[in-house]
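Q: This is the structure, below, for whatever I ask next.
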Amino acid sequence: MQVGFAERPRHRACCAGGRVPRGFTLLEMLVVLAIVGLLMGLVGPRMFQHAEKAKAQTAETQIKMLAGALQTMRLDIARLPTAEEGLGLLTRRPSDERTAKSWAGPYLDEPAPDDPWGKPYIYSPAPSGDRPFTLYSHGADGQPGGEGYDADIGYLPGG
Numbered sequence: 319m320q321v322g323f324a325e326r327p328r329h330r331a332c333c334a335g336g337r338v339p340r341g342f343t344l345l346e347m348l349v350v351l352a353i354v355g356l357l358m359g360l361v362g363p364r365m366f367q368h369a370e371k372a373k374a375q376t377a378e379t380q381i382k383m384l385a386g387a388l389q390t391m392r393l394d395i396a397r398l399p400t401a402e403e404g405l406g407l408l409t410r411r412p413s414d415e416r417t418a419k420s421w422a423g424p425y426l427d428e429p430a431p432d433d434p435w436g437k438p439y440i441y442s443p444a445p446s447g448d449r450p451f452t453l454y455s456h457g458a459d460g461q462p463g464g465e466g467y468d469a470d471i472g473y474l475p476g477g
């Protein structure tokens, strides 16, 4: 008696027509890629539009938060930061002794954030309209003026 392994069948399982399935054809892959490309062409721009809208809303919220911190500090030290001190005075004790005594900061937990497009907010203690300062972002394009998401956001000069 011979002990051994069971004999393997010599044929493979076949599908209809006797062909062995081997994967996707090049044509099938191209059709799928074309469909995915079409969907991204339709959905992609809408997703980017929502992202820009969210960035503009974030900038508005951050500017309001910074303006509130500036107003609180102004109540404590009886003045706004100079252009040289900038928004840094919200987190750093002033160097002059008289102001340092009444400074009750820090007025922010962290240094002032950049705008959502990675640029610093523009601050000036110069009065503008009914505001005692200007604080704004140049928007998505980083340039003065603009329309839509490229428009300046915040407490603008002359406004």
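Each number in my numbering corresponds to the 1-based position in the sequence shown with 318 added. Where is the CB? At the ideal position from N, CA and C, for every residue including glycine.
#1: Can you name the start and end residues of the alpha helix (DSSP H) that Ser420 belongs to?
#2: Our contact map puts Gly426 next to Ala387 with C-beta atoms below 8 angstroms; I'd like the distance itself, whole angstroms only.
#3: Spatial neighbours of Lys437 within its chain, please: CB distance less than 8 angstroms, with the 5 preceding and 5 following residues excluded, ordered by chain position.
#4: Once you ignore the five residues that flank Gln367 on each side, which residues in its own chain have a CB closer than 8 angstroms to its CB?
#5: What did DSSP end up calling Thr376 once you bin it into helix, strand or coil?
#6: If I'm right that Pro429 touches Thr409 with Cβ under 8 angstroms, what's the distance once you round it to whole angstroms?
#7: DSSP has Thr452 in a bridge; who is on the other side?
#8: Suppose you measure from the CA of Ile471 to the CA of Ala374; what does that come to, to the nearest Å?
#9: For Thr376 and Gly464, what's the separation of their Cα atoms in angstroms?
#10: Pick helix, strand or coil for Gly386, following the three-state DSSP scheme.
#11: Asp433 by DSSP, collapsed to three states: which one?
#12: Between the alpha carbons of Pro445 and Pro434, how many angstroms are there, rounded?
#13: Three-state secondary structure (DSSP) at Gly423?
#14: Considering only their Cβ atoms, is the gap separating Leu474 from Tyr441 smaller than 8 angstroms?
#15: Please work out which residues of its chain come closer than 6 angstroms, Cβ to Cβ, to Leu407, disregarding the five sequence neighbours upstream and downstream, and give them in chain order.
A: On the basis of the supplied data:
#1: 415 to 420
#2: Note that residue 426 is Leu in the sequence shown, not Gly. That belief holds up - the Cβ atoms of Leu426 and Ala387 are roughly 6 angstroms apart, short of 8 angstroms.
#3: Ser455, His456, Gly460
#4: none
#5: helix
#6: 5 angstroms
#7: Ser442
#8: 8 angstroms
#9: 18 angstroms
#10: helix
#11: coil
#12: 25 angstroms
#13: coil
#14: no
#15: Pro399
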